[in-house]
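Note that the protein sequences, when read in sequence, are chains A and B.
Take the first sequence: its position 33, counting from 1, is numbered 33 in this note's numbering, and each next residue is one higher.
Take the second sequence: its position 380, counting from 1, is numbered 1380 in this note's numbering, and each next residue is one higher.
Where a beta carbon is used, it is the ideal one built from N, C-alpha and C, also for glycine.
Since we're looking at a predicted model, the values are computed, not measured.
Below is one structure, written out as structure tokens, with a few remarks after it.
There are 2 protein chains.
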Amino acid sequence: MAKHVVVIGAVALGPKAASRLKRLAPDTEITMIDQANFISFGGCGIPYFVSGEVNSVDALRSTNYGAIRDPRYFIDRGINMLNETRVTAIDRAAHTVSTEHVRTGEKKTFSYDKLVLGTGSIPKMPPVEGRDLGNVTSATKLEAAQLVRDACASGKVASAVVVGGGFIGLEMAVALADMWGVKTSVVEFMDQLMPGVLSPVLADMVRHDLESNGVSVYTSEKVMRLEGKDGMVTRAVTDKRTLDADLVIFATGFAPNSALAQAAGLDIDPVTKGILVNDHMQTSDPDIYAGGDCVAVPNLISGKPACFQLGSIANRQGRVIGTNLAGGDATFKGAVGTWAVKLFKISACGVGLTPARAESAGFAPLAVNVEQLDRAHFYPEKEMMTLELVVDKNTRQMLGLQGVCTAGDALKARIDAAATMLQFGPRTLDDLSNAEAAYAPPFSGALDTLNVVANVADNVLAGRLVPLSSREFSNLWKERDVNHVYFVDSRPAAASEKTAAAYPGQWHALPLEALFADDAAEKLAALPKDRPMALICNTGLRSYEVMLKLRRAGFDNLSMALGGMQTMIKRGETF
Amino acid sequence: MAKHVVVIGAVALGPKAASRLKRLAPDTEITMIDQANFISFGGCGIPYFVSGEVNSVDALRSTNYGAIRDPRYFIDRGINMLNETRVTAIDRAAHTVSTEHVRTGEKKTFSYDKLVLGTGSIPKMPPVEGRDLGNVTSATKLEAAQLVRDACASGKVASAVVVGGGFIGLEMAVALADMWGVKTSVVEFMDQLMPGVLSPVLADMVRHDLESNGVSVYTSEKVMRLEGKDGMVTRAVTDKRTLDADLVIFATGFAPNSALAQAAGLDIDPVTKGILVNDHMQTSDPDIYAGGDCVAVPNLISGKPACFQLGSIANRQGRVIGTNLAGGDATFKGAVGTWAVKLFKISACGVGLTPARAESAGFAPLAVNVEQLDRAHFYPEKEMMTLELVVDKNTRQMLGLQGVCTAGDALKARIDAAATMLQFGPRTLDDLSNAEAAYAPPFSGALDTLNVVANVADNVLAGRLVPLSSREFSNLWKERDVNHVYFVDSRPAAASEKTAAAYPGQWHALPLEALFADDAAEKLAALPKDRPMALICNTGLRSYEVMLKLRRAGFDNLSMALGGMQTMIKRGETF
Chain A
1 MAKHVVVIGA
11 VALGPKAASR
21 LKRLAPDTEI
31 TMIDQANFIS
41 FGGCGIPYFV
51 SGEVNSVDAL
61 RSTNYGAIRD
71 PRYFIDRGIN
81 MLNETRVTAI
91 DRAAHTVSTE
101 HVRTGEKKTF
111 SYDKLVLGTG
121 SIPKMPPVEG
131 RDLGNVTSAT
141 KLEAAQLVRD
151 ACASGKVASA
161 VVVGGGFIGL
171 EMAVALADMW
181 GVKTSVVEFM
191 DQLMPGVLSP
201 VLADMVRHDL
211 ESNGVSVYTS
221 EKVMRLEGKD
231 GMVTRAVTDK
241 RTLDADLVIF
251 ATGFAPNSAL
261 AQAAGLDIDP
271 VTKGILVNDH
281 MQTSDPDIYA
291 GGDCVAVPNL
301 ISGKPACFQL
311 GSIANRQGRV
321 IGTNLAGGDA
331 TFKGAVGTWA
341 VKLFKISACG
351 VGLTPARAES
361 AGFAPLAVNV
371 EQLDRAHFYP
381 EKEMMTLELV
391 VDKNTRQMLG
401 LQGVCTAGDA
411 LKARIDAAAT
421 MLQFGPRTLD
431 DLSNAEAAYA
441 PPFSGALDTL
451 NVVANVADNV
461 LAGRLVPLSS
471 REFSNLWKER
481 DVNHVYFVDS
491 RPAAASEKTA
501 AAYPGQWHAL
511 PLEALFADDA
521 AEKLAALPKD
531 RPMALICNTG
541 LRSYEVMLKL
551 RRAGFDNLSM
561 ALGGMQTMIK
571 RGETF
Chain B
1001 MAKHVVVIGA
1011 VALGPKAASR
1021 LKRLAPDTEI
1031 TMIDQANFIS
1041 FGGCGIPYFV
1051 SGEVNSVDAL
1061 RSTNYGAIRD
1071 PRYFIDRGIN
1081 MLNETRVTAI
1091 DRAAHTVSTE
1101 HVRTGEKKTF
1111 SYDKLVLGTG
1121 SIPKMPPVEG
1131 RDLGNVTSAT
1141 KLEAAQLVRD
1151 ACASGKVASA
1161 VVVGGGFIGL
1171 EMAVALADMW
1181 GVKTSVVEFM
1191 DQLMPGVLSP
1201 VLADMVRHDL
1211 ESNGVSVYTS
1221 EKVMRLEGKD
1231 GMVTRAVTDK
1241 RTLDADLVIF
1251 ATGFAPNSAL
1261 AQAAGLDIDP
1271 VTKGILVNDH
1281 MQTSDPDIYA
1291 GGDCVAVPNL
1301 ISGKPACFQL
1311 GSIANRQGRV
1321 IGTNLAGGDA
1331 TFKGAVGTWA
1341 VKLFKISACG
1351 VGLTPARAES
1361 AGFAPLAVNV
1371 EQLDRAHFYP
1381 EKEMMTLELV
1391 VDKNTRQMLG
1401 LQGVCTAGDA
1411 LKARIDAAAT
1421 MLQFGPRTLD
1431 DLSNAEAAYA
1441 PPFSGALDTL
1451 NVVANVADNV
1461 LAGRLVPLSS
1471 REFSNLWKER
1481 DVNHVYFVDS
1491 RPAAASEKTA
1501 AAYPGQWHAL
1511 PLEALFADDA
1521 AEKLAALPKD
1531 RPMALICNTG
1541 LRSYEVMLKL
1551 RRAGFDNLSM
1561 ALGGMQTMIK
1571 RGETF
């Protein structure tokens, strides 16, 4: 059992490891060191502090039972807590760390038997001219959050630019626009929001939610420089436009803070720059543990090292480290990359690989999305849920599941069920087709959306259902003058005929019911056999039936829009 | 590939199997037979039809896209649908089934290449005198539901008795009391509500929700006879009291309807009476498939055959049968027993074994419950969630997880994550401790309740946390005059001192904070070393810290209330 343990970093991983160790082995001498003043805070709560939903900084650094985790909290519990203290070097041979007080400059050296690195991450700030202007900030420190909130509360922020369309950027955009009424723009370098975690179709839904709530979204666009006046930012200039900006927030990702580890000669993953650890959370030096935002652990789906920078992961890794330091045998085998974000009306949530990520990991991905109510269709209160499944075409392996829904918890239920399948996998789409989730009409349909999305993938792989992504259908429609696609709408007559009337000769109503009517043969005979046909209905259920019927009738150039009009509407497309 | 397939039963399994088969192998000749007039309906929606939340019977027998599944629906799709037709016998040697029309008495014989049994279940009606009186019914047929709803709508039902405190009984009680204002009593033969799916502690919460919303609950009580006037029921007489009753609903469980199968010599599980099937859903006769309420499949945790009578299971089994009949190779390996129910303010949801069921399956169960918010504690909207985990003490195997929360979907998310772990298990509590669920402050705490409940079980198995169930603590408190237990309340001073003042000399305030104060040693010295101490706080977090501190100070007869005051409050206990 360890005698003296030094913990570097006191945000999430460090305090968890230290507290767990102290409970298991109270005689251990523990020194925890952090360069900041505020320690042990919930960084993921910053957007809610900025919005004002969370009243005070103290709420973000209090326990579930209301105690404030300031240095005194840890000292009371027998942990030697040093804040405002920077670790300048680790001497592995001597088993010491050197420190310097950030205000007084006082230098000290601490010896350790075991060392824990919870050094976190640092915002990736692109080298943009003007980034040192006032009211330009990242959004990871409590101090920065206070700055943003004060700026908004002062009424001096009329417009803001958020650079980066990932979770944190979007959470900040929602906080600014929704709670403070700031005219907010999001500028994202990639060609969609939430790249890497959402497919293009679902990213369209996120964009539509933001845009319909007053946030401007500019993708495939790069901030070139910031301009200011009297030292304060006033404008952000992109490669395409100039945006007014009294506030600029960079949410352009985080790099593992692995400099100390690297200087000490520990193994670092060359791609992610995260500190490499084994499944006991030990670095290449068995006396040094590491966890949280600064490490790379296996992505359990791709098998490759990846950085999962979430408070949830850090807490669980911290517990594993605490247990192992106390002589236990706990493991952390990797992660599958679950995430969730609440925007304006919708939430988005996911796990695993997107089609693009799957492809670069060497898989042959198929992505299919469905729209289905989150409850029994006859239950009075219900919401339409989008789920998109990514599977490998050759092995049928489940690779990822992402979703969008106004009912965030109901969405989370589906994602989490898939997440534990993936975590303790591998699993196939056939497993998902038969995944057992709690059923009663106020909670789901008899065939859960989880099962249905797997069944759709099965039908696609079997060649029964020829899919068009919602984007592909939209593009076909836009190019209808040149591609000669015959568009068939199988919604009930009232809906399909109304749209057909708006686009005479281009959009064709063929309600599913018509194929069971007495004149069905006539209806079929009137369809062109020599043109590709693109089918659509409300969610896809009717189109699939129509597709099977038409194929039996000798039509073979058929495809259908996944998620039908419901996916279109969520993407902001109208017909 | 099958030439002629006969399907007996057209509620959930049959239609699913037939429709799937027809899509995969459209040339198959399919005859589907059901004795009822209304077919293919969502029986699980009946309580919502009774309550009036679902407007019409047709809503329960329509597809997700609004088509009504009457016989015509199936005939349109090439399935020879015969309703109001009873199958009287199966001749396996001749490969025929004999039928009789329920109204005309017309007899027919159908030959089959493959046969599907989806004969469902029949309500277990105890042989109670008076059960043939008017307004005495079960609640499984649409016709019975219509009767109940008409009786309520007529205003002639002032009081009702529901016999049976399982899901359906409670859903019906909620429908009657909440929507129709009927004075409703639930009589349950066992000593708790929801026996077999909830532990006593969580069952107390369900009882409290019902009672605080005007439903009377009588457990350990048996309906002996029903009395009536003019042929209509007026009273239910139990072994303890007489209850007014203008309506009596029996919700006393369902027996697999396996009579036809048994008469045909198919293998039947002697315990459950369900038809035995292999993982392809074939009975002991490979030409006969069966699924839904009438079969027994492995409980994947206990390994024993069990009947899982839910529309969700039937639909998934139906798809497997349809696939296999079309020459595919789909399997259904068993189930883990997920369930969910929405009551008045709370929902309850669970998976796997209760402590009692685990014990009778040969495990050595430990059950622990926690109370934790469903979101980050600093997030403005949040609900307290109860989760109870059942694990095997020797192997640490996860056996079950049940919960209660006002936020039903948030609860379902936790249960479903555990459900897929169990389904594709076995898994241990250490796996659950590290289960990865989607995290962001609007969706969970950084350590999800799923992880926390596993950590508590870990602490109990390690002997660090000596638990009292909430019921055990209540009982100790009730017997405080004889057991000399010293009760310690570690909530903040305001709360603990108020309760202590109400019970001077019996209830002792010892806020966690006091143990870090300057006079902590004095406080400790004042505690009795010779008496057992029972600790409590708001949720258990503080008690655990106090327990560790007191143990270090030499106290060794310590135990603490799991879930603290929050579990007490949900159980309706006040101090």
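Restricting to Cα atoms, I'd like to know which of A:Thr499, A:Leu373 and A:Val50 is closest to A:Ser154.
Residue A:Val50 holds the alpha-carbon nearest to the alpha-carbon of A:Ser154 among A:Thr499, A:Leu373 and A:Val50.
Using a Cβ-Cβ distance cut-off of 8 Å, determine whether A:His280 contacts chain B.
No - not a single Cβ of chain B is within 8 Å of the one on A:His280.
What are the start and end residues of the beta strand (DSSP E) that includes B:Asp1091?
Where B:Asp1091 is concerned, the enclosing beta strand (DSSP E) stretches over Thr1085 to Asp1091.
Going by DSSP, name the residue or residues bridged to B:Arg1552.
Answer is none; B:Arg1552 lacks a bridge partner.
Whole angstroms is fine: what's the gap from A:Ala418's alpha carbon to B:Val1351's?
Roughly 16 Å separates the two Cα atoms.
Secondary structure of B:Lys1229, DSSP reduced to three states:
Look at B:Lys1229 here: in three-state DSSP terms it is strand.
Proximity to B:Ser1490 [Cα-Cα], best of B:Asn1483, B:Trp1339 and B:Tyr1544:
Selected option, being the one with the closest Cα: B:Tyr1544.
Can you tell me whether B:Gln1262 is buried or exposed, with buried defined as 16 or more other CB within 10 angstroms of its CB?
Exposed: under 16 other Cβ atoms inside 10 Å.
Positions along the region 401-428 of chain A whose CB lies within less than 9 Å of some CB in chain B
Listed in chain order, the positions of the region 401-428 of chain A with a beta carbon within less than 9 Å of a beta carbon of chain B are Ala407, Gly408, Asp409, Ala410, Leu411, Lys412, Ala413, Arg414, Ile415, Asp416, Ala417, Ala418, Ala419, Thr420, Met421, Leu422, Gln423, Phe424, Gly425 and Arg427.
Looking only at C-alpha atoms, which of B:Gly1105, B:Pro1047 and B:Arg1103 sits nearest to B:Ser1138?
Ranking B:Gly1105, B:Pro1047 and B:Arg1103 by Cα distance to B:Ser1138 puts B:Pro1047 first.
For the beta strand (DSSP E) that contains A:Glu388, what are its first and last residues?
For A:Glu388, the enclosing beta strand (DSSP E) has its first and last residue at Met384 to Asp392.
The beta strand (DSSP E) that contains A:Val576, what's its start and end?
Nothing can be reported for residue 576 of chain A: it is not among the residues displayed for chain A, which extend from 1 to 575.
Can you pull the chain A residues whose beta carbon is under 9 Å from the beta carbon of B:Asp1431, in chain order?
Neighbours of B:Asp1431 on chain A, chain order: Thr420, Gln423 and Phe424.
B:Thr1323: buried (16+ other C-beta within 10 angstroms of its C-beta) or exposed?
With 16 or more other Cβ atoms within 10 Å, it is buried.
State the start and end residues of the unbroken alpha helix (DSSP H) segment that holds B:Ser1019.
That run of the alpha helix (DSSP H) goes Leu1013 to Leu1024.
Can you pull out the residues from the region 167-181 of chain A whose beta carbon lies closer than 7 Å to at least one beta carbon of chain B?
Listed in sequence order: no entries.
Tell me whether the beta-carbon of B:Val1102 lies closer than 8 Å to the beta-carbon of B:Val1087.
B:Val1102 is not a Cβ neighbour of B:Val1087, given a cutoff of 8 Å.
Hey, quick one: how far does the alpha helix (DSSP H) through A:Ser470 stretch, first residue to last?
Ser470 to Lys478 is the span of the alpha helix (DSSP H), which, as asked, contains A:Ser470.
Quick test of the definition: if touching needs 3 or more C-beta pairs under 8 Å, does the region 23-42 of chain A touch the region 56-65 of chain A?
Touching, yes, given that three or more Cβ pairs across the two stretches are closer than 8 Å.
Cα-Cα, which of A:Ala561, A:Leu550, A:Asp209 and A:Leu115 is closest to A:Leu515?
Measuring from the Cα of A:Leu515, the nearest candidate turns out to be A:Leu550.
Go ahead and pull the three-state DSSP assignment for A:Pro511.
Residue state, collapsed to three classes: coil.
Are the CB atoms of A:Thr331 and A:Val341 within a distance shorter than 8 Å?
Going by C-beta atoms, A:Val341 is not nearer than 8 Å to A:Thr331.
Looking at C-alpha atoms only, which residue of B:Thr1184, B:Met1179, B:Val1182 and B:Ala1203 is the closest neighbour of B:Met1190?
With distances taken between Cα atoms, B:Met1190 lies closest to B:Ala1203.
Quick one: is B:His1484 buried, meaning 16 or more other Cβ sit within 10 Å of its Cβ, or exposed?
By the neighbour-count rule (16 or more Cβ atoms within 10 Å), B:His1484 is not buried but exposed.
Step through the CB atoms of chain A and report whether any lies within less than 8 Å of the CB of B:Gln1372.
Yes - at least one Cβ of chain A is within 8 Å of the one on B:Gln1372.
According to DSSP, is B:Arg1571 helix, strand or coil?
DSSP, read as helix, strand or coil, puts B:Arg1571 in helix.
By how many angstroms is the C-alpha of A:Ser56 removed from the C-alpha of A:Ile68?
Spanning the alpha carbons of A:Ile68 and A:Ser56 requires a straight line of approximately 12 Å.
In three-state terms, what does DSSP make of A:Asp285?
Shown here, A:Asp285 sits in coil according to DSSP, grouped into three states, outside any helix or strand.
May I ask you to report which of helix, strand or coil DSSP gives A:Glu497?
A:Glu497: helix per DSSP, three-state reduction.
Looking at C-alpha atoms only, which residue of A:Thr406, A:Glu383, A:Leu429 and A:Leu387 is the closest neighbour of A:Met398?
The shortest CA-to-CA distance from A:Met398 to any of A:Thr406, A:Glu383, A:Leu429 and A:Leu387 is the one to A:Leu429.
Under a Cβ-count criterion, where at least 16 other Cβ atoms within 10 Å of its own Cβ denotes burial, should A:Asp279 be classed as buried or exposed?
A:Asp279 should be labelled exposed.
DSSP bridge partner residues for B:Trp1339 (one or two, in chain order):
Answer is B:Gly1350.
Flag A:Ala203 as yes if its beta-carbon sits less than 8 Å from any beta-carbon of chain C, otherwise no.
The structure shown contains no chain C; the protein chains it does contain are A and B.
Judging by CA-CA distance, which residue of A:Phe110, A:Gly540, A:Ala173 and A:Ala290 is the nearest neighbour of A:Ala251?
Of the candidates A:Phe110, A:Gly540, A:Ala173 and A:Ala290, the one whose C-alpha sits nearest the C-alpha of A:Ala251 is A:Ala173.
Starting from the Cα of A:Asp481, find the closest Cα among A:Tyr503, A:Ser470 and A:Arg464 and give me that residue.
Minimum Cα distance to A:Asp481 is reached at A:Tyr503.
With 8 Å as the threshold, decide whether the Cβ of A:His377 is near any Cβ in chain B.
With 8 Å as the cut-off, A:His377 counts as an interface residue toward chain B.
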